[in-house]
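In order, the protein sequence lines correspond to chains A and B.
So the first sequence is residues 7 to 325, counted in the working numbering.
So the second sequence is residues 170 to 834, counted in the working numbering.
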Amino acid sequence: MVVFGGLITQLLHLALILAGAPLLTGVVRWLKARLMGRRGAHPLQPWRDILKLLRKRPILADGASIVSRAAPYLAFGATLLAAALIPSFAQGMLLAGIADLLLIAGLLALARVALALNGHDAGTPFGGMGAAREMTFAVFAEPALLVCVMVFAVLAGSSNLDTIGAVFREGALGLRVSLLFAALALVAVALAENARVPVDNPATHLELTMVHEAMLLEASGRHLAVWEMQAALKLTLWFALLAAIFLPFGTASAGSGPLLWSLGLLFWLVKMGLLALMLAMFESAIAKMRVFRVPDFLGGALLLALLAAALIFVSTGLA
Amino acid sequence: MLTLLGACLLALLGLSALGVTGRAPRVVFLGCAAAAAGFGLAAAIALTGDGMAATALPVGPPWAPSLVALDPLSAWFLLILAVVAVPALLFAAASPAPPPAEGAAFPLFLAGMAAVLVAADGFTLLLGFELMSLASWALIAARHPTGVGRRTARLYLAFAAFSGLCLIAGFALLAPAGLGFAAIRAAPPEGWRAAMVLILVLLGAGSKAGLAPFHIWLPLAHPAAATPVSALMSGAMVKVALYVMIRLLLDLPGPAQPAWWGLPLIGLGAATALIGALRANLERDIKAILACSTLENMGLIVVGLGLALVFRGSDLRPLASLALAAVLLHALNHAGFKTLLFLCAGAVASLAGSRDPDRLGGLIHRMPWVAGCAMLGAFSAAALPPLSGFASEWLLLQSLIQGWRVAEMSIQLIAAGTLAVVGMAVGLAAAAMVRLLGLVFLGRPRTPRAAGAPDAVGMMRVALLLPAALSLLLAVLAAPMLSLTGGAIRQLLGANALAPVAGFDLVLGDAGARYAPWAVALLLALAVGLTWLAVRRRSSLAPTREPAWDGGFMPPPPHLPFGDPLSQVSAMGLGQPIRRSLGRVALAIRERHYPAMPGDPATATLRVDTEDRGFTQMLYPLARLRRRLSRRAEALRGRTLRINLSLAFGTLVFLLALVAWLERG
Chain A
7 MVVFGGLITQ LLHLALILAG APLLTGVVRW LKARLMGRRG AHPLQPWRDI LKLLRKRPIL
67 ADGASIVSRA APYLAFGATL LAAALIPSFA QGMLLAGIAD LLLIAGLLAL ARVALALNGH
127 DAGTPFGGMG AAREMTFAVF AEPALLVCVM VFAVLAGSSN LDTIGAVFRE GALGLRVSLL
187 FAALALVAVA LAENARVPVD NPATHLELTM VHEAMLLEAS GRHLAVWEMQ AALKLTLWFA
247 LLAAIFLPFG TASAGSGPLL WSLGLLFWLV KMGLLALMLA MFESAIAKMR VFRVPDFLGG
307 ALLLALLAAA LIFVSTGLA
Chain B
170 MLTLLGACLL ALLGLSALGV TGRAPRVVFL GCAAAAAGFG LAAAIALTGD GMAATALPVG
230 PPWAPSLVAL DPLSAWFLLI LAVVAVPALL FAAASPAPPP AEGAAFPLFL AGMAAVLVAA
290 DGFTLLLGFE LMSLASWALI AARHPTGVGR RTARLYLAFA AFSGLCLIAG FALLAPAGLG
350 FAAIRAAPPE GWRAAMVLIL VLLGAGSKAG LAPFHIWLPL AHPAAATPVS ALMSGAMVKV
410 ALYVMIRLLL DLPGPAQPAW WGLPLIGLGA ATALIGALRA NLERDIKAIL ACSTLENMGL
470 IVVGLGLALV FRGSDLRPLA SLALAAVLLH ALNHAGFKTL LFLCAGAVAS LAGSRDPDRL
530 GGLIHRMPWV AGCAMLGAFS AAALPPLSGF ASEWLLLQSL IQGWRVAEMS IQLIAAGTLA
590 VVGMAVGLAA AAMVRLLGLV FLGRPRTPRA AGAPDAVGMM RVALLLPAAL SLLLAVLAAP
650 MLSLTGGAIR QLLGANALAP VAGFDLVLGD AGARYAPWAV ALLLALAVGL TWLAVRRRSS
710 LAPTREPAWD GGFMPPPPHL PFGDPLSQVS AMGLGQPIRR SLGRVALAIR ERHYPAMPGD
770 PATATLRVDT EDRGFTQMLY PLARLRRRLS RRAEALRGRT LRINLSLAFG TLVFLLALVA
830 WLERG
């Protein structure tokens, strides 16, 4: 029964994130437009774009190899697997046993490498430049993420996301300053990983500033559709990750029934909406920073994470 | 077992004699490959069944016979040697005939490494170590009679002599009673003697393994040799140094050493990992990039070794076995993918004619086999799941995360800081591998030679596919392979230590984290396959080809069939973000910008000179000191006879006084 419930929740979760990912991107864009005083496109617009792109004939660059044709699927598959491991409305999904945060980080790295190789493939100047910058940002984002994982592992006793969520939901830990620091660090990493505003601008195609779009410059048709879907899925994944760790309230526990699942779903939708609103407000309020300021930004995130770890060691040492 | 090992070693000596004549180089290399496979067989027998207890040989120094043994730890490293040597030697047999000195030194190099691994007394171990060092020097020098390569060989020889001297001194302190390993274990060193042993082993074996600040020879010497030798040096020789480190720090001094022993290893390892990974992003020679990646991996392994020492000293045996498992598994995984990558680099260098990435590019079109193998190796080196590098780095990161279980807050903080540095090194390694693949295999060809390069065929292709298949197997079967190290872990950490394995999964006992490589590989294949099917169902139009948008450059003239080479990123350009944000950690960088004056038709140029800080802050001051001392000594020659005589007399008096003082004490 538990296995069956796990399977059902896993499949429902997959359907939910696949259907919801482009919608979430649309909602963020719509909120941003409203905050800036524009009417904004319909939140379903990303879905319409993807379906339109799927109908078009893909055009490959002259020098493109098999990498341009395979990389979108590899990146999407890795992101999908990572997203499947992060609980949304219920815990104890089928794959909860392997939902290790380091594995999720590894799968995201796999998607990132596929994206960077796609940028290199056509041999154009912007693709290579974007790939170099993307990998450089990851150099600073990765340690911050790892130290955050250490903080959670100290508090929850494991780096398994399901365990962390269950422990944090119990609320026995209370509010901790170290968790606040870890949350700030993780938010900074999430902004960098999703190419959001202070690091990169998702709305621009201005060559000098772009990182993520530069690597997709030569993608078209179904390849571009898969890349767009992958980017949307990655945003959903990071929102879900932040929600699963820092806002675990209301999530159905392992082995619960459909009633609790729908309650959990309701909570999850509210949490995602809240995070989308926060992102839209943040992006409307600040400007993009220069490329070589990004290491400072992410280095700050790393320092916050290390501070969180130090605080935890001090507090557990005194207790 | 003894007969098998003895036959392999004797065969290597015989092949070396054949190699001197310079005749039949293929026979020499294939024979060496067979001998290496024999080592692998012996290792497999010892790992799955019984090893070989210490056996006295009929040869040896006058005071005691040489002892050899094959315990689980030796067997594991002998397996690593075989994993590297067999494909490397097949590649050597597929390459054009080398100079005779290389044919003679190659079998000796292998024999030296094997002798270190099977030795059961200090004398035999040191003999093998010196044989390994000298033979590998000869292998570098054989390719470079003059010039920069010869200077590199000399630098390497100096470092090899230094490490040999340190190890001899270390053994002298370790073994006042006798050089046999059993005798040393019976009387473990204590107090200042133990601390000196730690320092000397770190200097001796550490400089051979490329630990900072003695890493500077490695990115120069490894690429200077022929490709199979580079693969052996990067894949196996540094592992032999690692084996010496494990043997002399974990095994022989006994389990009673304090926890702080691990801290220097953690610090040096983290520094090496960071420096190596950084330099891998800045080098302009594909083999040097791989050598720097070896530095990074050795750094990670030594961090794991330090953690094992810390955990053992703090009585956290399960965590010590986790860290040690990470060390042993990563040593094997690194051997697999680094051999693969070096052989791919060698294939590129010989078939496309250059090791400079700025003269390569777009090779995936002409060399699909080499490109596929290189991608597999690079993905493993970048620690991407589900490939082999990820499994061992997962273990290493988990053991670092578990560092908080040590009660001391200082060690907890060190673990957190090391985790950050290691995370940075892992990210840098991924960046370096993307840069390597992007420059060499993707994009447009940068020279006509690269545009017409043929693919690897015949035995060369076999030599590439062998480690590729092995890396794939290691990726999926990480857990069963790791359970083979159970013997070594028990040997080093006590009878009830266990490898962190459950069935086909890697698990942490009490922490509950789990990594199932097979499940991840399966799920990933499922996700990618289903996505592909779903997308192709909705969108079935075949793609067409159009010229890429070249960032606004003019379309290339007809005499540039592959486009304007200037409009594609260069090796320096790709390294630029990392050079500007982190480069000064490892390198002394001098950037000079010559802007073009308005109206001047000359181009603006940017000149970047980089030099490792090991040179600027260690070797150059040492060289200056030596010059100053020798000038002082030279000045003595111009003195008068009276002063010379009084100097000689003074020295005599001093020595006599020293003798008298020593006699009394």
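Here a beta-carbon is modelled for each residue, glycine too, at the ideal position from N, C-alpha and C.
Take alanine 310 (chain B), set aside five residues on each side of it, and the residues of its chain with a beta-carbon closer than 6 angstroms to its own are Ala322, in chain order.
An exposed status is given to phenylalanine 298 (chain A), since fewer than 16 other beta-carbon atoms sit within 10 Å of its beta-carbon. Taking a cut-off of 8 angstroms on C-beta distances, the stretch 195–208 of chain B does not touch the stretch 195–213 of chain A, as fewer than three cross pairs fall below it. The C-beta of proline 358 (chain B) has 16 or more other C-beta atoms within 10 Å across all chains shown, which makes the residue buried.
If you check the CB distance, proline 649 (chain B) and valine 670 (chain B) come in under 9 angstroms.
Contact of leucine 66 (chain A) with chain B by beta-carbon distance below 8 angstroms involves Pro712, Thr713, Arg714, Glu715.
Assignment of threonine 85 (chain A) by DSSP, reduced to helix, strand and coil, places it in the helix class. Within chain B, no residue has its CB atom less than 9 angstroms from the CB of alanine 96 (chain A), the nearest being about 19 angstroms off. Residues of chain B whose Cβ lies closer than 8 angstroms to the Cβ of isoleucine 104 (chain A) are, in chain order, Arg683, Tyr684, Ala685, Ala688, Val689. Excluding sequence positions up to five before and after alanine 117 (chain A), its CB lies within less than 6 angstroms of the CB of Ala81, Ala84, Thr85, all in the same chain and listed in chain order.
The beta carbons of arginine 748 (chain B) and leucine 326 (chain B) sit no closer together than 9 angstroms. Counting every other CB atom within 10 Å of its CB across the protein chains shown gives proline 264 (chain A) a total below 16, marking it as exposed.
In this structure, the beta-carbon distance from leucine 501 (chain B) to tryptophan 245 (chain B) falls below 9 angstroms. At least one CB atom of chain A sits nearer than 9 angstroms to the CB of arginine 749 (chain B).
Between leucine 152 (chain A) and leucine 108 (chain A), the C-beta spacing is below 9 angstroms. Contact annotation, alanine 205 (chain B) with alanine 254 (chain B): C-beta distance approximately 4 angstroms; criterion of less than 8 angstroms satisfied. In this chain, the alpha helix (DSSP H) harbouring threonine 820 (chain B) covers 810–833. Per DSSP, tyrosine 412 (chain B) has no beta-bridge partner at all.
Taking all protein chains in view, the Cβ of valine 609 (chain B) is crowded by 16 or more other Cβ atoms within 10 Å, so the residue is classified as buried. Using beta-carbon distances, glycine 83 (chain A) counts as an interface residue toward chain B, with a partner under 9 angstroms.
If the five residues before and after phenylalanine 174 (chain A) are omitted, its C-beta is found closer than 6 angstroms to the C-beta atoms of Pro254, all from its own chain and listed in chain order. Check the Cα spacing between leucine 41 (chain A) and each of A:Leu285, A:Phe158, A:Phe146: the tightest is with A:Leu285. Looking at the DSSP output, threonine 713 (chain B) bridges to A:Ile65. Residue pairing by DSSP leaves glycine 596 (chain B) without any beta bridge partner.
Going by DSSP, isoleucine 104 (chain A) is part of no alpha helix (DSSP H) at all; its letter is neither H nor E.
Relative to the Cα of leucine 91 (chain A), the nearest Cα in the group A:Phe146, A:Thr15, A:Pro28 belongs to A:Thr15. For the pair threonine 463 (chain B) and valine 407 (chain B), the Cα-to-Cα distance works out to about 9 angstroms. Residue contact with chain A for phenylalanine 480 (chain B): absent (no Cβ-Cβ distance below 9 angstroms to any residue of chain A). By alpha-carbon distance to glycine 482 (chain B), the top candidate from B:Ile580, B:Glu780, B:Ala439 is B:Ile580. For threonine 31 (chain A), the enclosing alpha helix (DSSP H) stretches over residues 8–41. Only Ala137, Ala138, Arg139, Met141, Thr142, Ala144, Val145, Glu148, Pro149, Leu152, Val153, Val155, Met156, Ala159, Val160, Gly163, Ser164, Ser165 from the stretch 136–165 of chain A bring a Cβ to less than 7 angstroms from some Cβ of chain B. Within chain A, the residues whose beta carbon sits less than 8 angstroms from that of methionine 593 (chain B) are Val145, Phe146, Glu148, Pro149, listed in sequence order. For leucine 380 (chain B), the three-state secondary structure derived from DSSP is coil.
Between leucine 239 (chain A) and isoleucine 23 (chain A) the beta-carbon gap is near 7 angstroms, inside 8 angstroms, which marks them as a contact.
Sixteen is the threshold: when 16 or more other Cβ atoms of the shown chains lie within 10 Å of the Cβ of glutamate 299 (chain B), as they do, the residue is buried. The closest CA to that of alanine 560 (chain B), considering only B:Met628, B:Leu498, B:Arg362, is found on B:Leu498.
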